[in-house]
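Sequence order for the protein chains is A and B. Under this note's numbering, the first residue of the first sequence carries the number 5, and numbering increases by one thereafter. Under this note's numbering, the first residue of the second sequence carries the number 9, and numbering increases by one thereafter. Following: one structure in structure tokens, then a few remarks.
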Amino acid sequence: EAQVTQNPRYLITVTGKKLTVTCSQNMNHEYMSWYRQDPGLGLRQIYYSMNVEVTDKGDVPEGYKVSRKEKRNFPLILESPSPNQTSLYFCASSRNSVDGYTFGSGTRLTVV
Amino acid sequence: GNSVTQMEGPVTLSEEAFLTINCTYTATGYPSLFWYVQYPGEGLQLLLKATKADDKGSNKGFEATYRKETTSFHLEKGSVQVSDSAVYFCALIPNTGNQFYFGTGTSLTVIP
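Next comes the structure, spelled out in structure tokens:
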């Protein structure tokens, strides 16, 4: 089944403790992206990647890192999480602009 | 620049009522337009799309027509069901690049 898989689905952590949210797609898509969803703000792009080893900042990149060492994986790294990064995170991938995105099921992160 | 504006919610309708959710956009060139749906606790799913002017996207009884003259892509359904309760997002991708631009989402609740 074609899909984008994120892990974990739920995560509660403490301020300053480094964490990684994994994202993997099995559709051989070149384009991958991370979004955060907050009430009243919709979806905001954090980082995106056009291909292996090519990443760029989205609208809200502060406090996040990404890497794209392989085509299928695009992990999101929070080096020192803070409470304002409590949010619902989505990974997405795309083959081209006409097809649109396939989204993962989301990761609900709480930073206390 | 590129942006999407959706009507604010929440929207509450009785079952079998007619639904319209307004969406207008600003974009350079000829973007592709999308509606995504997010059911409670789930990720975003592609509902329908249109890739050029006057195209009509349709799926599950929902329709939207790409109107370039009014820069709009309004979502409609003739008779909503309780199972249509969800958050609906309008989005665009410019014809150059793969970055999605989302509206803030419109929450729909359908009551029996």
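Virtual Cβ for every residue (Gly too), placed ideally from N, Cα, C. Since we're looking at a predicted model, the values are computed, not measured.
Which residue spans inside the stretch 19-92 of chain B form an unbroken beta strand (DSSP E) run of at least 3?
Every unbroken stretch of the beta strand (DSSP E) spanning 3 or more residues and falling wholly within the stretch 19-92 of chain B is given here in chain order: 19-22, 27-29, 31-34, 40-46, 52-58, 64-67, 70-73 and 83-85.
Give me the residue from B/Lys60, B/Tyr44 and B/Ala61 with the minimum Cα distance to B/Leu54.
The candidate whose alpha carbon is nearest that of B/Leu54 is B/Tyr44.
B/Glu50 CB to nearest chain A CB: under 8 angstroms?
At least one CB atom of chain A sits nearer than 8 angstroms to the CB of B/Glu50.
Using the Cβ count rule (16 or more neighbours within 10 Å means buried), how would you classify B/Gly51?
Answer is buried; the Cβ neighbour count reaches 16.
How many whole angstroms separate the CB atoms of A/Val8 and A/Thr106, which I take to be in contact at a CB cut-off of 8 angstroms?
Confirmed, Cβ separation roughly 5 angstroms.
CB contact check: B/Thr132 to chain A, cutoff 8 angstroms:
Outside the shown range of chain B, which is 9 to 120, sits residue 132 of chain B, and nothing can be said about it.
State the DSSP-derived secondary structure class of A/Asn88, mapped to helix, strand or coil.
If DSSP states are grouped into helix, strand and coil, A/Asn88 belongs with the helices.
Looking only at its own chain, which residues have a Cβ that is under 6 angstroms from the Cβ of B/Ser40, when we skip the five neighbours before and after it?
Within its own chain, the residues whose Cβ lies closer than 6 angstroms to the Cβ of B/Ser40, once the five positions on either side in sequence are excluded, are Thr59 and Ile101, listed in chain order.
Rounded to a whole number of angstroms, what is the C-alpha to C-alpha distance between B/Thr36 and A/Gln10?
About 33 angstroms.
Identify the residues that DSSP records as bridge partners of B/Val118: which are they?
Per DSSP, B/Leu21.
Length of the line joining the Cα atoms of A/Ala96 and A/Met36:
Rounded to the nearest angstrom, the gap between the Cα atoms of A/Ala96 and A/Met36 is 6 angstroms.
From the beta carbon of B/Lys68, is the nearest beta carbon of chain A less than 8 angstroms away?
Judged by the 8 angstroms Cβ criterion, B/Lys68 is not in contact with chain A.
For the stretch 26-60 of chain B, list every residue whose C-beta sits within 9 angstroms of some C-beta in chain A, in sequence order.
Residues of the stretch 26-60 of chain B that bring their beta carbon within less than 9 angstroms of a beta carbon in chain A comprise Pro39, Ser40, Phe42, Tyr44, Gln46, Gly49, Glu50, Gly51, Leu52, Gln53, Leu54, Lys57 and Thr59, in sequence order.
Would you check if the distance between the CB atom of B/Thr114 and the CB atom of B/Val19 is smaller than 8 angstroms?
Yes, the pair counts as a contact, with Cβ atoms nearer than the cut-off.
For the 8 angstroms Cβ check, are there 3 or more pairs between the stretch 20-30 of chain B and the stretch 74-93 of chain B?
By the Cβ test, the stretch 20-30 of chain B is in contact with the stretch 74-93 of chain B, since at least three Cβ pairs between them sit closer than 8 angstroms.
Bridge partners for A/Gln49 per DSSP, in chain order?
BP columns for A/Gln49 point to A/Tyr39.
I need the straight-line Cα distance from A/Lys21 to A/Lys61, nearest angstrom please.
If I take the Cα positions, the gap works out to 23 angstroms.
Interface flag, B/Phe81 vs chain A, CB-CB below 8 angstroms:
Output row for B/Phe81: interface = no.
Using a Cβ cut-off of 8 angstroms, pull out every chain B residue sitting near A/Gln49, in sequence order please.
Residues of chain B whose Cβ lies closer than 8 angstroms to the Cβ of A/Gln49 are, in chain order, Gln107 and Phe108.
When you compare the CB positions of A/Ser91 and A/Arg40, do they come within less than 8 angstroms of one another, or not?
It is a contact, given that the beta carbons lie within the stated cut-off.
Return the residue from the list A/Glu74, A/Tyr93, A/Phe94 and A/Gln29 that minimises the CA-CA distance to A/Ala6.
Ranking the options by Cα distance to A/Ala6, first place goes to A/Gln29.
Indicate whether B/Thr32 and B/Asn10 have their beta-carbon atoms separated by less than 8 angstroms.
No, Cβ-Cβ distance for B/Thr32 and B/Asn10 is not below 8 angstroms.
Can you find a CB in chain B that lies within less than 8 angstroms of the CB of A/Tyr68?
No, no contact with chain B.
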